[in-house]
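Have a look at the structure below, then the notes.
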Amino acid sequence: MTDLILSVDVRAPAGTTWLALTDWTRQGEWMLGTEVEVVEGNGRSVGSRIAAFTGLAGLGFTDTMEITSWEPPVRCGVRHLGSVVQGTGTFQVVAKGATRSTFVWAEHLRLPFGPLGRLGWPVVRPAFALGVRLSLRRFARFAEDYSVGGDE
73 MTDLILSVDV RAPAGTTWLA LTDWTRQGEW MLGTEVEVVE GNGRSVGSRI
123 AAFTGLAGLG FTDTMEITSW EPPVRCGVRH LGSVVQGTGT FQVVAKGATR
173 STFVWAEHLR LPFGPLGRLG WPVVRPAFAL GVRLSLRRFA RFAEDYSVGG
223 DE
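Here the sequence shown stands for residues 73 to 224, numbered as in this note's numbering.
And the structure:
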């Protein structure tokens, strides 16, 4: 198992950051190479499932997640159910006053591909973390301009 914890400051109230974060179908607007859909439930309750396809030109993998905790506007926990991505994740929003917040992305993952995955992780981790950091910066801009339904 390996942990990855990254965060980004957002110039938006915690409630707005939460709504932007949990607008699953718009996650592709800020998460690199990823499209998300709710595949079971309403996407806003324990037991709901979301599927995130990450890839390019149809080549990639689907990470299906089950929501295991739902504590708006603070925390959403997920369990990764796929064959490539397994483990747990937490999306947390920390209020920093009336107009600012921090989004914390935490993953506790079982590396895929057995011993080969464990051997390759030190090489892959920097690129993976860089992609998540870039996505988090994009998320901050997305949340700062967020409006329900994507209206501008």
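By construction, the Cβ of each residue, glycine as well, lies at the ideal position given by its N, Cα and C atoms.
It should be emphasised that the depicted structure is a prediction, and the values quoted were computed from it without experimental measurement.
Residues that residue i bridges to, as DSSP identifies them
| i | result |
| --- | --- |
| E107 | F125 |
| G149 | S141, T162 |
| V118 | DSSP lists no partner for V118. |
| V80 | F175 |
| R182 | Q158 |
| D75 | H180 |
Proximity to residue i [Cα-Cα], best of the options
| i | options | result |
| --- | --- | --- |
| F211 | F185, S173, G189 | S173 |
| A92 | R121, P194, C148, F185 | C148 |
| T136 | W142, A124, E101 | A124 |
| E179 | R190, G189, Q164, P187 | Q164 |
| W142 | G186, A215, T162, R213 | T162 |
Inter-residue Cα distance where the pair is residue i and residue j
| i | j | result |
| --- | --- | --- |
| W96 | E109 | 6 Å |
| T88 | M73 | 32 Å |
| V195 | L208 | 21 Å |
| R190 | A84 | 38 Å |
| V156 | P184 | 6 Å |
Contact check, residue i vs residue j, beta carbons under 8 Å
| i | j | result |
| --- | --- | --- |
| G116 | T140 | Before going further, note that residue 116 is Arg rather than Gly in the sequence given. No; because the gap between Cβ atoms is not below 8 Å, this pair is not in contact. |
| A201 | L78 | yes |
| W102 | P145 | no |
Neighbour-count burial assignment, residue i, 16 or more Cβ in a 10 Å radius
| i | result |
| --- | --- |
| D223 | In this prediction, D223 scores a pLDDT of 47, lower than 50, which makes its location untrustworthy; the coordinate-derived value is nonetheless stated afterwards. With fewer than 16 other Cβ atoms within 10 Å, it is exposed. |
| S120 | buried |
| A86 | buried |
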